[in-house]
Structures are given as C-alpha cells and as structure tokens.
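Structure first, commentary second.
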Amino acid sequence: MESDTLASRLRECIGDDTVSAFARKVGLPEATIRSYLEGKKPVYDKLSRIADAAGVSLDWLATGRGQKERKPAPENDFSAVPYARRLEKIGLLLADMTEQEAEAFLDDVFARARSAAEASELRRALADLRAEVERLKKPA
1 MESDTLASRL RECIGDDTVS AFARKVGLPE ATIRSYLEGK KPVYDKLSRI
51 ADAAGVSLDW LATGRGQKER KPAPENDFSA VPYARRLEKI GLLLADMTEQ
101 EAEAFLDDVF ARARSAAEAS ELRRALADLR AEVERLKKPA
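Just so we're aligned, residue 1 is where the sequence shown starts under UniProt numbering, counting upward by one.
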C-alpha cells in the first residue's frame, strides 16, 4: 500500500511504538518527530536517520515510491564511495521537482560531467604527448 504523505509513512514506521520511544530509537528529539508528523519537511540527514532506524528504504520514506523494505546491501559496499551520499541527496532533490525541472537539472549535470570527462581526457593526452616529447629529446 502506497502512503501519500511523509507524515503517513512516518506513522507506519512508528507503528505500535509511542512517538517518544520512536524518537529515542532514532536519536532525535520527540518534538522533531512530532513536527514531521504535523507536516514539516525534514532535512536529509534526519530523514536518512529515520529510515535507517526504521529499517525502511529512504526512497520510500521520502517519496512514497519504490519498496518500503530496504533492499539488501549490494555485494560491494558503496557507503565508502565519497560521492554516494551526494547521489542520494540528488535523488531526494529530484523527487521534489517537476518533471521539467528534473529533466533540466539532469541535462545540466550530464553536460557538466561530459565536459569534465573530455577535459580529463585532454589532460591525459597532453601528459602523454609531453612524455613522448621528453623521450624524443633524450639522446639515443
């Protein structure tokens, strides 16, 4: 069953616990949890803590889409990847955008990534060329 508000999904996470007990479990003040139940939008790190403590998928908690249950961890642990948390944050940002805004955002991100990859490739080619020039300068 898909819940249509963050507050209703949060209530599902709280289940039979009291708000106070759930807040302790999550490690957030009870007033914070109550504010989310009243419609205040949480910041990413707090939402992530709630999802972790409740054992639910962050995507489901944030958007109501996808599976409620957290997927098993992949064989490789990507939590140590420096940009993994940023990608999660981007996903949450995209969820709050209209389709046109999200498309424009992603187009910009892909264009910048493509430019960065091309610049990196040019730097590698230049370094290889310099190394070849230095090699040719040395007497045989």
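Idealized CB from N, CA, C, for every residue including glycine.
Since the structure is predicted, the reported quantities are computational estimates derived from the model, not experimental observations.
- Collapsing the DSSP output to three states places residue 26 in a helix.
- Between the segment 89-99 and the segment 49-57, the count of C-beta pairs closer than 8 Å stays below three; the two stretches do not touch.
- Residue 57 sits away from residue 41, with the two beta carbons spaced by 8 Å or more.
- Residue 56 is bridged by DSSP to 69.
- In the structure shown, residue 38 falls within a coil segment according to DSSP collapsed to helix, strand and coil.
- Taking a C-beta distance under 8 Å as the contact criterion, residue 46 and residue 32 qualify as a contact pair.
- When rounded, the separation of the alpha-carbon atoms in residue 97 and residue 105 is 9 Å.
- When C-alpha distances from residue 27 are compared across 129, 48 and 84, the shortest belongs to 48.
- Rounded to the nearest angstrom, the Cβ distance from residue 44 to residue 6 is 13 Å, too far for a contact under 8 Å.
- Counting only the Cα atoms, residue 8 lies some 13 Å from residue 19.
- Note on residue 125: under 16 other CB atoms within 10 angstroms of its CB, so exposed under the neighbour-count rule.
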